[in-house]
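These protein sequence lines are chains A and B, in that order.
When we follow numbering that gives the first Met the number 0, the leftmost residue of the first sequence carries the number 0, and every step to the right adds one.
When we follow numbering that gives the first Met the number 0, the leftmost residue of the second sequence carries the number 0, and every step to the right adds one.
Worksheet: the structure to be examined is printed underneath.
There are 2 protein chains.
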Amino acid sequence: MWGLSLQVSLQALKAFESAARQGSFKLAAEELSLTPTAISHHISNLESRLNVNLFHRLGRRISLTGTGIRLAKATSDGFRKIDSALEEVMKAGSSVRVTTTSSFAAMVLIPSQHEFEQANPDISMEISTGESVDSQSYIIPIRFGDVSVAEDADVIKSESFNVFGTYGMAPPSWSNEPITLFTTEWKNQSLPAPPLAAWLEKNGLDGSNIKLKKFDQELFGIQQAMTENGLVFCSTTLSKRLLKSNLLQQFETRSVKSDLCYYVPNKHSFETRSAIRFLNWIEYMLNQ
Amino acid sequence: MWGLSLQVSLQALKAFESAARQGSFKLAAEELSLTPTAISHHISNLESRLNVNLFHRLGRRISLTGTGIRLAKATSDGFRKIDSALEEVMKAGSSVRVTTTSSFAAMVLIPSQHEFEQANPDISMEISTGESVDSQSYIIPIRFGDVSVAEDADVIKSESFNVFGTYGMAPPSWSNEPITLFTTEWKNQSLPAPPLAAWLEKNGLDGSNIKLKKFDQELFGIQQAMTENGLVFCSTTLSKRLLKSNLLQQFETRSVKSDLCYYVPNKHSFETRSAIRFLNWIEYMLNQ
DNA sequence: TAGTTTAGATGATTTAAACTCATCTACAAG
DNA sequence: CTTGTAGATGAGTTTAAATCATCTAAACTA
Chain A
0 MWGLSLQVSL QALKAFESAA RQGSFKLAAE ELSLTPTAIS HHISNLESRL NVNLFHRLGR
60 RISLTGTGIR LAKATSDGFR KIDSALEEVM KAGSSVRVTT TSSFAAMVLI PSQHEFEQAN
120 PDISMEISTG ESVDSQSYII PIRFGDVSVA EDADVIKSES FNVFGTYGMA PPSWSNEPIT
180 LFTTEWKNQS LPAPPLAAWL EKNGLDGSNI KLKKFDQELF GIQQAMTENG LVFCSTTLSK
240 RLLKSNLLQQ FETRSVKSDL CYYVPNKHSF ETRSAIRFLN WIEYMLNQ
Chain B
0 MWGLSLQVSL QALKAFESAA RQGSFKLAAE ELSLTPTAIS HHISNLESRL NVNLFHRLGR
60 RISLTGTGIR LAKATSDGFR KIDSALEEVM KAGSSVRVTT TSSFAAMVLI PSQHEFEQAN
120 PDISMEISTG ESVDSQSYII PIRFGDVSVA EDADVIKSES FNVFGTYGMA PPSWSNEPIT
180 LFTTEWKNQS LPAPPLAAWL EKNGLDGSNI KLKKFDQELF GIQQAMTENG LVFCSTTLSK
240 RLLKSNLLQQ FETRSVKSDL CYYVPNKHSF ETRSAIRFLN WIEYMLNQ
């Protein structure tokens, strides 16, 4: 590429293209935030360099010559293609677009969005929910899944589970009385279930007095526990902020690890600086 | 066009595109006649401006990121389109390409090509023969035709005809002896015939002793006249240089105007400076 | 393995392109 | 006829682009 045309000024071509498209040096100057003088100089220099006339000058009106028309079309097409790609890249470079589960969005992302944006005033965060594979290259999907399925490098949080209750309620008598426990049954049946059995064993409980009430989103179980002064078995990730806010409390029970995790498929492919900063931030926040 | 990307340096994009396409800052520097330092600065500045990483740096090797790949494709496509158009325009700006009849090429253009190029050292002339309509925008067709068909502004020479003989031969006795006269019968039957009748009348000759020998190109008649020490009835344009070179001579006969002419269809559409200079030169040369 | 070569990174300085300012012309508008 | 305005041009200023000098670290070679 760039044989004879190596020395042709791209700035001049840009000025020419704008003037050609709008039929006016003045309007070109406005579009490019220059003076009409600059446009005039660029075009004259370009005409000398190329040894052609690109415009007819009719008093103070201009019109394109045949050569000018042909060059204008090519430069318009070429610059439009470049400009579109730049817009896409720049948009990606100044915002973080994340899609995730409703529970993660509600319990983690949305509550901490402000914190992220304050720490990164040059980046805006856009959150959506949904599980479809998004074809746009710049949307970061935070998925909930089986740790044995996700690539190690993609996992941002391995989930632990515990029982939590409304703030202020008396610790339950695990052995003596019937207990209602809210929990989750995932719509996606291929996912490992919440590790309630492992939790019972770890805490030396036989669970025969526990009545389970299941929802299809962790969010609903948590909300119901808070509303009904009850108990919920859910992830420590989702309950973390609620603990801090004294909306939920934890008892003497110990949390258990699970085979469930949050992960970002092909995490390494998100290479914009804002994506990298976001991913570093979310991973640190989840695991500190 | 040019929203957020107005301030992005096109020089930097050019450097990036070259480095991306060749996988090397060093090769990009060579292609663009810059130092590798300049390329490195351009790319770093571009990455800062766009807030993305375009290359992975692996020691002293580089490879494109996903974003880099996408931007590289768009900029390659865009710049290629621009470069192709520039090449075409610059070629047109530094050469004159003419297509014309064999006779006009042989008798006028080729003999004076050197004169034109010496007067215009920055322009090269390329001559071809043929009558097909050429779709390329920058080839100037000099056509031979009927003056009533051509646009006035397109006519570069209105033809006159006369009889010429080999240099040194005795003037013919128009009334006493049989005369062989070479002339032309155009392949294109729609053209007016050479105005022999009008010439006879203007010169007070009845022509009953003249035997015509016809060729389908004026060039052939002229050559035959010189070869056989004979007479040819042809255009003053084609014979002009031969007269000056004492290869042909004119007698006391008077030339006659004709309805034939040389013309350039859509002459005004040739707007490169070299085309304009050529057309001005040829018109002056033919009519002085 | 040690020495040499080489591609890219970085900061400082220099150069040249790009830009504005001031003034002008000539046409359009009132 | 006067005023307004788009483009042209030369001079001066500013800034982007380039080079220079030096560095690092990886690749290559003996």
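Built from N, CA and C at the ideal position, the CB exists for glycine as well.
Only a predicted model underlies this, so the values are computations on that prediction, with no experimental measurement involved.
Minimum Cβ-Cβ distance from residue i to chain B less than 8 Å
i       : result
A152(A) : no
Q223(A) : no
I155(A) : no
N119(A) : no
S136(A) : yes
W280(A) : no
R272(A) : yes
R69(A)  : yes
S43(A)  : no
M168(A) : no
M89(A)  : yes
A288(A) : With chain A represented from 0 up to 287, any question about residue 288(A) goes unanswered, as that position is not in the structure.
K13(A)  : yes
S4(A)   : yes
M290(A) : With chain A represented from 0 up to 287, any question about residue 290(A) goes unanswered, as that position is not in the structure.
E158(A) : no
V107(A) : no
N52(A)  : yes
I126(A) : no
Residue-chain proximity (residue i, chain A), Cβ-Cβ < 8 Å
i       : result
K25(B)  : no
N208(B) : no
D76(B)  : yes
G65(B)  : yes
I61(B)  : no
S32(B)  : yes
G22(B)  : no
L9(B)   : yes
R79(B)  : yes
Residues that residue i bridges to, as DSSP identifies them
i       : result
K156(B) : Y261(B)
G129(B) : BP columns for G129(B) are empty, so no partner.
S4(A)   : BP columns for S4(A) are empty, so no partner.
D145(A) : L259(A)
N161(A) : C233(A)
V97(B)  : I126(B), I139(B)
F291(A) : Examination of residue 291(A) is not possible in this model, given that chain A is present from 0 through 287 alone.
T271(B) : V51(A)
Terminal residues of the beta strand (DSSP E) in which residue i lies
i       : result
F232(A) : 230 to 234
L246(B) : First-last for L246(B): undefined, no H or E at that position.
Span of the alpha helix (DSSP H), counted from its first residue to its last, around residue i
i       : result
I221(B) : 217 to 226
H41(B)  : 35 to 49
Q117(A) : 109 to 118
R20(B)  : 9 to 21
W198(B) : 195 to 201
K25(A)  : 24 to 31
Contact test: residue i Cβ vs the ligand ATP heavy atom, cutoff 7 Å
i       : result
T128(A) : For the structure depicted, the ligand ATP is absent and the ligand set is empty, with no information on it obtainable.
- [ ] Spell out a yes or no on whether the region 65 to 75 of chain A and the region 90 to 104 of chain A are touching, meaning 3 or more CB-CB pairs, one atom from each, closer than 8 Å.
- [x] no
TODO: Report yes or no: do the region 114 to 124 of chain B and the region 89 to 98 of chain B share at least 3 C-beta pairs separated by less than 8 Å?
DONE: yes
Open item on the list: Within 8 Å, do at least three Cβ pairs link the region 54 to 65 of chain A to the region 46 to 54 of chain B?
Closed with: no
Open item on the list: Between the region 183 to 195 of chain B and the region 149 to 156 of chain B, can you find at least three pairs of beta-carbon atoms closer than 8 Å?
Closed with: no
Open item on the list: Count Cβ pairs between the region 198 to 207 of chain B and the region 163 to 170 of chain B that sit closer than 8 Å; are there 3 or more?
Closed with: no
Open item on the list: Could you tell me which whole alpha helix (DSSP H) segments of length 4 or greater appear in the region 54 to 98 of chain A?
Closed with: 65 to 93
Open item on the list: I want to know whether the region 173 to 181 of chain A touches the region 0 to 18 of chain B - three or more CB-CB distances under 8 Å.
Closed with: no
TODO: Pair every Cβ in the region 213 to 221 of chain B with every Cβ in the region 260 to 270 of chain B, then say whether three or more of these pairs are closer than 8 Å.
DONE: no
Task: Touch test, the region 9 to 20 of chain B against the region 35 to 49 of chain B, Cβ-Cβ under 8 Å, three pairs minimum - done: yes
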